[in-house]
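Under the numbering used here, think of the first position of the sequence shown as 27, with each following residue one higher.
Using N, Cα and C, we set each Cβ at its ideal position, and we do this for glycine too.
Keep in mind it's a predicted model, so treat the numbers as computed, not measured.
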Amino acid sequence: MKLALIGYGKMGHAIEQIARSRGHEIVSIIDVNNPEEFESEAFGSADVAIEFTAPSVALGNYRKAFAAGVPVVSGTTGWLEHLPEIQEACHNGQTFFYASNFSLGVNIFFALNKYLAQVMNQFPAYDVKMEETHHIHKLDAPSGTAITLAEGIIEKLDRKSSWAEGREPQSDEIGIKAIRRDEVPGIHTVTYESEFDTITITHDAKTRMGFALGAVLAAEFTCGKKGFLTMQDMLQF
């Protein structure tokens with residue numbers, strides 16, 4: 027498979043390593059210094075582009091890739107207010123795979139989180155809160171993964187209708203504490219607490235390579251498909 031990389035920071039380098047180890051060819055690498063590469067023949071020849079950049083430039087990257095007819099797999103978070111535009115583009119023939127987190131372990135954690143929230147819906151004595159810790163270079167807070175976890179809880183827990191970060195939550199809100207420290211790849215914790223005890227589930231990423239592998243697997247899944255795709259389409263659990 028021919029892959030293009032949009033964004034060539036630490037994640038881009040990790041994705042390149044995983045992709046080459048799985049026999050894929052990197053035909054184009056785009057970073058802040060060569061945006062004209064979007065219009066190149068090499069980029070246009072890619073079967074899929076994998077995009078990990080920043081919230082402020084993500085939407086523009088998607089538009090340029092679509093203009094070149096290249097499907098996009100993206101793990102950039104913090105741009106979801108523009109999601110309807112991307113979904114509309116997919117209705118009109120484009121292909122886009124989005125995940126707030128490509129780690130297979132995190133997606134198992136998402137499923138566990140929803141199941142636990144469904145169970146805890148029967149026990150109103152327990153309040154729920156979240157904490158997420160990432161490296162100091164991460165620009166958005168809370169993380170996209172934390173938002174996905176919060177949305178999973180809200181879907182299953184009747185007493186919560188929204189989340190709050192950076193302030194004291196209301197009774198119907200899930201409080202999220204966002205911590206930026208050192209080079210932490212990502213730690214997410216969901217805690218249910220009553221007067222008598224505490225129930226906690228945590229996912230702790232050891233390295234970025236798990237995210238990179240998931241992104242490459244998503245590109246393999248996306249190749250040849252049309253429409254808007256997510257990890258639920260790929261993993262089906």
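At 4 residues or longer, what runs of the alpha helix (DSSP H) sit wholly inside the segment 84-132?
109-117
Quick check on VAL93: buried or exposed, where buried means 16 or more other Cβ atoms within 10 Å of its Cβ? Before going further, note that residue 93 is Ala rather than Val in the sequence given. The residue is exposed, with fewer than 16 neighbouring Cβ atoms inside 10 Å.
Which of the three DSSP states, helix, strand or coil, is assigned to THR248?
helix
Mind checking GLN262: buried by the 16 CB within 10 Å criterion, or exposed? exposed
**Q.** Three or more C-beta pairs below 8 angstroms linking the segment 235-250 and the segment 38-54
**A.** yes
**Asked** Run through DSSP, which three-state label would GLU194 get?
**Response** Coil.
Inset, instruction - Compute the beta-carbon to beta-carbon distance between PRO168 and GLU191, rounded to the nearest angstrom, for a pair I have assumed lies under 8 angstroms. - result: 5 angstroms
TODO: Report the option in PHE122, TRP189, LYS90 whose CA atom is closest to the CA atom of MET257.
DONE: It is PHE122 whose Cα lies nearest to the Cα of MET257.
For GLY201, which beta-bridge partners are listed by DSSP?
-> BP columns for GLY201 point to LYS155, ALA190.
* Determine the direct distance from the alpha carbon of LEU183 to that of LEU29, and round the result to whole angstroms. => Cα to Cα, the separation comes out at about 41 angstroms.
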